[in-house]
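Report on the following structure.
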């Protein structure tokens with residue numbers, strides 16, 4: 101016994117000494133370049149597109165760009181409010197021409213100073229048709245977009261005429277229409293500045309992207325791992341609270357969850373549905389389930405005459421009232437989704453335009469009234485409701501079947517509603533894109549920026565980019581135009597909510613539920629949070 | 007022998023062309039891959055049209071196929087949608103899957119043949135019945151169940167292994183996944199060998215060998231096993247191709263970034279170039295493995311000659 105005690109002492113002292121030197125190493129000048137104790141590992145998926153800011157439209161690529169880039173604005177992880185980051189201020193007098201002044205002293209991690217050119221060149225690159233950037237439409241509000249990115253034919257200009265560099269710290273943006281909340285959209289990663297290296301040696305930049313965010317990329321093995329390290333010279337206020345993040349690509353989020361339980365991984369940001377029943381037992385309070393800026397709806401093909409009648413509006417309202425949202429979210433989604441009572445998302449907050457209960461009785465489960473409305477409206481067009489969904493991802497079958505079941509019970513007919521699966525997501529999008537939907541179909545919307553405008557205009561404005569059902573209403577369009585021209589944000593929100601009321605009265609789409617984001621983490625971590633886009637706020641996480 | 011080899015190699019050409027054409031058509035039938043590139047939103051029409059033009063998707067399918075084959079013969083497998091060369095994807099994925107397959111095949115040969123000989127020689131005894139029952143259990147349980155249970159027990163509960171395989175995927179980390187991948191085939195190899203051995207044990211040449219007074223060990227390895235191997239070799243040979251392509255489930259469970267994973271992702275994202283490229287190589291592997299099996303027959307049984 102005695103000998104044993106003695107033997108452990110030296111070992112213990114060494115351990116203490118190691119920890120001490122480790123600490124001082126991190127606290128010192130360079131910090132954490134050896135990997136080490138303060139680096140956390142997090143789940144990742146292979147990005148679908150090359151890691152260019154204007155070309156990344158999915159969450160996995162977005163994780164990286166969010167860590168290595170800061171734009172003019174940044175969304176507060178808690179409130180979703182757009183705060184100035186690189187911008188000193190953005191001013192306008194007419195809601196159409198904006199003057200942007202940059203803060204002094206911002207640099208890219210390769211030492212290049214950030215100037216007005218860094219933004220203007222990046223935006224011109226993103227908007228230009230020849231560069232195939234999938235987020236190009238974000239620049240669509242800027243004047244001259246139709247020249248650099250025409251819907252068909254060749255582009256007749258290379259740069260946006262609406263962007264003008266005044267001096268190194270200042271540039272102006274002129275929009276093609278009034279859009280008062282435009283500056284609040286500028287926190288989206290597509291609007292990030294780009295260093296000269298992006299244009300001069302594109303291939304090398306893609307291998308190891310360089311930005312101006314709190315992290316730099318130390319190494320990147322495509323398809324398997326990316327090591328990000330804290331950038332000590334980062335000029336912003338939101339410096340990284342850990343030494344770095346190792347993003348590991350997982351083939352399956354179940355495996356990632358198992359790895360978390362085994363202690364090989366620190367952070368998962370999507371707890372798989374199969375594990376939801378065990379998650380409290382497995383992780384205790386190291387689990388988070390908060391609303392994300394995602395809403396699921398059922399859209400209708402308004403190009404089909406049968407759905408575009410006053411009677412059909414009644415039917416749609418009746419269908420909405422026939423869906424028992426509370427029961428479905430509880431039994432199928434284990435409360436990781438919340439029944440929707442408007443067409444936006446709780447992450448906007450009341451001041452941002454979210455209004456619980458805006459849908460009112462039309463979104464409340466009421467079997468008798470639902471049956472009455474469907475009958476008054478002339479019954480379901482075609483006699484049977486076929487809800488189309490893609491079967492390859494996202495376990496849509498379960499909830500579509502549940503929704504149909506709910507409707508069938510109300511109508512009292514086992515065949516009134518059936519699910520109609522499409523094999524792949526791409527094929528599903530094809531059918532939508534070619535206006536070939538014959539009945540209602542599932543629709544999901546993940547916001548691009550936390551604004552009520554983003555939940556309404558792209559989806560329901562006449563011929564808008566994501567108006568998949570081709571719903572069109574003059575009154576709605578007029579109200580949205582007025583809201584965009586309104587300089588007072590509070591009044592703008594009110595007008596948007598009035599427009600939402602028009603959408604409700606015609607039931608242009610049935611809101612189903614708001615989706616939550618989830619995360620689970622190891623006992624080493626603290627201060628884990630998800631931002632409104634349900635991406636972990638990596639720079640705030642503390643290790644140990 | 008030489009002529010036979012040439013004939014077989016020539017036969018491969020139509021099989022190869024037919025197989026790749028079929029895969030190409032099947033992937034194309036799934037629809038326009040560009041539509042799936044923009045998430046739940048519609049791609050803006052101009053960018054979508056430009057992407058289609060760049061990937062050659064606006065041309066007729068047959069023309070696409072011919073261009074693809076043309077590039078293939080110059081060693082160009084095309085580019086995946088995320089901008090990576092398919093050949094780069096292959097150079098990272100195939101070594102991993104080959105290692106996994108080697109582990110699985112070794113398990114099949116060592117364990118499968120060993121157990122097969124053991125049971126074949128002790129037919130009807132307790133040991134034989136026990137192993138037969140065990141193989142039945144293994145065959146009837148789907149691979150993903152075996153995989154997940156082993157992963158949970160060994161990886162999380164007992165902490166013997168890491169539940170996921172690292173990027174480098176060395177042999178030591180692939181032992182359990184390899185065993186899982188091999189499990190069903192292993193059971194089949196055991197059963198095949200057992201039947202074959204049991205049958206040949208009663209044959210004349212074995213009785214002669216016993217009568218000559220040869221040592222038991224020599225009778226089993228030189229006479230009995232060698233003659234019983236032909237059906238087993240056929241099975242293992244064709245299994246090489248099946249294991250390489252069919253590892254999707256195992257690779258997903260253990261986070262192995264191999265061929266199965268790339269194929270799965272390629273199919274989900276409707277990435278024609280990735281899917282066709284990988285399947286083409288798999289078809290080649292299959293064809294070569296089959297040829298080797300046929301040649302091995304002649305080695306095992308000199309009565310089989312190829313003219």
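Residue numbers (our numbering), protein chains in the order written: chain B, 101 to 644; chain L, 7 to 313. For glycine and all other residues, C-beta sits at the position ideal for the given N, C-alpha and C.
Practice task
Kindly indicate which three-state DSSP category residue 409 of chain B falls into: helix, strand or coil?
Solution key: Within the first chain, residue 409 of chain B is the residue found at index 309, counting from 1. It is coil, neither helix nor strand.
Exercise for the section: For my contact list, residue 173 of chain L and residue 321 of chain B are in at a C-beta cut-off of 8 Å; report their separation, rounded to the angstrom. Expected result: As a working mapping, residue 173 of chain L is identified with position 167 in the second chain. As a working mapping, residue 321 of chain B is identified with position 221 in the first chain. That pair is a contact at about 6 Å.
Practice task
Would you mind stating whether residue 292 of chain B and residue 147 of chain B have Cβ atoms separated by less than 9 Å?
Solution key: Locating residue 292 of chain B in the first chain gives position 192, where the first residue counts as 1. Locating residue 147 of chain B in the first chain gives position 47, where the first residue counts as 1. No Cβ-Cβ contact shorter than 9 Å links residue 292 of chain B with residue 147 of chain B.
Exercise for the section: Examine chain B for any beta-carbon lying closer than 9 Å to the beta-carbon of residue 34 of chain L, and answer yes or no. Expected result: Against the second chain, residue 34 of chain L aligns to sequence position 28. It does not: the Cβ of residue 34 of chain L has no partner Cβ on chain B nearer than 9 Å.
Practice task
Would you give the residue range spanned by the alpha helix (DSSP H) that residue 99 of chain L belongs to?
Solution key: Position 93 of the second chain holds residue 99 of chain L. Per DSSP, residue 99 of chain L belongs to the alpha helix (DSSP H) from 92-113.
Handout entry: Beta-carbon spacing of residue 586 of chain B, residue 319 of chain B below 9 Å
Key = Residue 586 of chain B sits at position 486 when you count from the first residue of the first chain. Residue 319 of chain B sits at position 219 when you count from the first residue of the first chain. Contact: no.
Handout entry: Short CB-CB distance (under 9 Å) between residue 540 of chain B and chain L
Key = Taking the first residue of the first chain as position 1, residue 540 of chain B is located at position 440. Answer no: the Cβ-Cβ gap between residue 540 of chain B and chain L never drops below 9 Å.
Handout entry: residue 140 of chain L, enclosing alpha helix (DSSP H) - first and last residue
Key = The count along the second chain starts at 1 and reaches residue 140 of chain L at position 134. Start and end: 132-146.
Exercise for the section: Could you pull the start and end residues of the alpha helix (DSSP H) that residue 346 of chain B belongs to? Expected result: Position 246 of the first chain, counted from the first residue, corresponds to residue 346 of chain B. Residue 346 of chain B -> not in any alpha helix (DSSP H); beta strand (DSSP E) instead, spanning 344-349.
Handout entry: C-alpha gap between residue 229 of chain B and residue 247 of chain B, whole angstroms
Key = Here residue 229 of chain B is taken as the residue at index 129 of the first chain, counted from 1. Here residue 247 of chain B is taken as the residue at index 147 of the first chain, counted from 1. Spanning the two alpha carbons is a distance of roughly 9 Å.
Exercise for the section: Assign residue 198 of chain B to buried or exposed, taking buried as 16 or more other Cβ atoms, counted over all protein chains shown, within 10 Å of its Cβ. Expected result: Locating residue 198 of chain B in the first chain gives position 98, counting from the first residue. Label assigned to residue 198 of chain B: buried.
Practice task
Step through the CB atoms of chain L and report whether any lies within less than 9 Å of the CB of residue 344 of chain B.
Solution key: The residue labelled residue 344 of chain B in the question sits at position 244 within the first chain. Answer no: the Cβ-Cβ gap between residue 344 of chain B and chain L never drops below 9 Å.
Handout entry: Terminal residues of the alpha helix (DSSP H) in which residue 305 of chain B lies
Key = The count along the first chain starts at 1 and reaches residue 305 of chain B at position 205. First-last of the alpha helix (DSSP H) with residue 305 of chain B: 302-307.
Problem - Span of the beta strand (DSSP E) around residue 517 of chain B - result: On the first chain, residue 517 of chain B is found 417 positions in, with the first residue counted as 1. 517-522 is the span of the beta strand (DSSP E), which, as asked, contains residue 517 of chain B.
Practice task
Return the bridge partner residues of residue 271 of chain B from the DSSP annotation.
Solution key: Against the first chain, residue 271 of chain B aligns to sequence position 171. DSSP lists B:200 and B:265 as partners of residue 271 of chain B.
Problem - Per-residue burial, residue 111 of chain B [other beta carbons within 10 Å of its own, 16 or more giving buried] - result: Taking the first chain and counting its residues from 1, one reaches residue 111 of chain B at position 11. Residue confidence for residue 111 of chain B is low, a pLDDT of 36 falling below 50, so the modelled location carries little weight; the figure read from the coordinates is stated next. Classification for residue 111 of chain B: exposed.
Problem - Interface partners of residue 50 of chain L on chain B, CB under 9 Å - result: As a working mapping, residue 50 of chain L is identified with position 44 in the second chain. Within 9 Å Cβ-Cβ: 234, 236, 237, 240, 249, 251 and 565.
Practice task
Identify, in the order they occur along the chain, each residue of the same chain with its Cβ nearer than 7 Å to the Cβ of residue 259 of chain L, setting aside the five sequence neighbours on each side.
Solution key: Residue numbering aside, residue 259 of chain L sits at position 253 when the second chain is read from its first letter. For residue 259 of chain L, same chain residues with a beta-carbon under 7 Å away, outside a window of 5 residues either side, are 150, 153, 154 and 157 in chain order.
Exercise for the section: Give the residues of chain D in contact with residue 391 of chain B, contact being defined as C-beta atoms less than 7 Å apart. Expected result: The chain inventory of the structure shown lacks chain D, comprising the protein chains B and L.
Practice task
Identify, in the order they occur along the chain, each residue of the same chain with its Cβ nearer than 8 Å to the Cβ of residue 485 of chain B, setting aside the five sequence neighbours on each side.
Solution key: Here residue 485 of chain B refers to the residue found at position 385 when the first chain is read from its first residue. Excluding positions up to five away in sequence, the list reads 419, 504, 507, 516, 517, 518, 539 and 540.
Exercise for the section: Report all residues from its chain with a CB closer than 6 Å to the CB of residue 61 of chain L; omit the five preceding and five following residues, and keep chain order. Expected result: Counting from one through the second chain, the residue named residue 61 of chain L turns up at place 55. Counting only Cβ-Cβ distances below 6 Å, and skipping sequence neighbours, we find nothing.
Practice task
Counting only the same chain and skipping the five closest in sequence on each side, list residues whose C-beta sits under 7 Å from that of residue 314 of chain L.
Solution key: Look at the range of chain L in this structure, 7 to 313, and you will see that residue 314 of chain L is not part of it.
Exercise for the section: Might you give, ordered along the chain, the residues of its own chain that have their beta carbon closer than 6 Å to the beta carbon of residue 255 of chain L, omitting 5 neighbours on each side? Expected result: Walking along the second chain from the start, residue 255 of chain L turns up at place 249. The residues are 149 and 150.
Problem - Where the alpha helix (DSSP H) containing residue 578 of chain B begins and where it ends - result: Position 478 of the first chain, counting from 1, holds the residue named residue 578 of chain B. Unbroken alpha helix (DSSP H) run through residue 578 of chain B: 574-585.
Practice task
Could you say if the region 476-483 of chain B and the region 390-399 of chain B meet the contact criterion of at least three C-beta pairs nearer than 8 Å?
Solution key: no
Handout entry: Against chain L: residues of the region 322-350 of chain B by CB proximity under 9 Å
Key = 322, 323, 324, 325, 348, 349 and 350
Practice task
Please report the Cβ distance between residue 329 of chain B and residue 621 of chain B, rounded to the nearest whole angstrom; I am assuming they are in contact, meaning their Cβ atoms lie under 8 Å.
Solution key: The sequence position of residue 329 of chain B within the first chain is 229, counting from 1. The sequence position of residue 621 of chain B within the first chain is 521, counting from 1. Contact doesn't hold; Cβ gap of about 20 Å is too wide.
Problem - Enclosing alpha helix (DSSP H) for residue 474 of chain B [first to last residue] - result: To locate residue 474 of chain B, count along the first chain from 1; it is residue 374. 467-476 is the span of the alpha helix (DSSP H), which, as asked, contains residue 474 of chain B.
Exercise for the section: Mind checking which residues open and close the alpha helix (DSSP H) that includes residue 183 of chain B? Expected result: Taking the first chain and counting its residues from 1, one reaches residue 183 of chain B at position 83. From DSSP, residue 183 of chain B is part of no alpha helix (DSSP H) but of the beta strand (DSSP E) over 182-184.
Exercise for the section: Run down chain L in chain order and give the residues with a C-beta less than 8 Å from the C-beta of residue 596 of chain B. Expected result: For the purposes of this step, residue 596 of chain B is taken as the residue at position 496 of the first chain. Within 8 Å Cβ-Cβ: nothing; residue 596 of chain B doesn't reach chain L, min ~20 Å.
Exercise for the section: May I ask which residues mark the beginning and end of the alpha helix (DSSP H) holding residue 427 of chain B? Expected result: The sequence position of residue 427 of chain B within the first chain is 327, counting from 1. It spans 425-431 - the alpha helix (DSSP H) in which residue 427 of chain B sits, taken as one unbroken run.
Practice task
Give a yes or no on whether the minimum CB-CB distance between residue 638 of chain B and chain L is below 9 Å.
Solution key: Within the first chain, residue 638 of chain B is the residue found at index 538, counting from 1. No, no contact with chain L.
Practice task
Report yes if the C-beta distance between residue 522 of chain B and residue 491 of chain B is below 9 Å; otherwise report no.
Solution key: Here the question's residue 522 of chain B lines up with position 422 in the first chain. Here the question's residue 491 of chain B lines up with position 391 in the first chain. Yes.
Handout entry: Backbone secondary structure at residue 541 of chain B - three-state DSSP
Key = Position 441 of the first chain, counting from 1, holds the residue named residue 541 of chain B. It is a strand residue.
Problem - Any C-beta of chain B under 9 Å from that of residue 168 of chain L - result: One-based indexing of the second chain puts residue 168 of chain L at position 162. So, interface residue.
Problem - alpha helix (DSSP H) runs wholly inside the region 187-240 of chain B, at least 4 long, in chain order - result: Counting only runs of at least 4 residues, the region 187-240 of chain B fully encloses the following alpha helix (DSSP H) elements, listed from N- to C-terminal order: 216-227.
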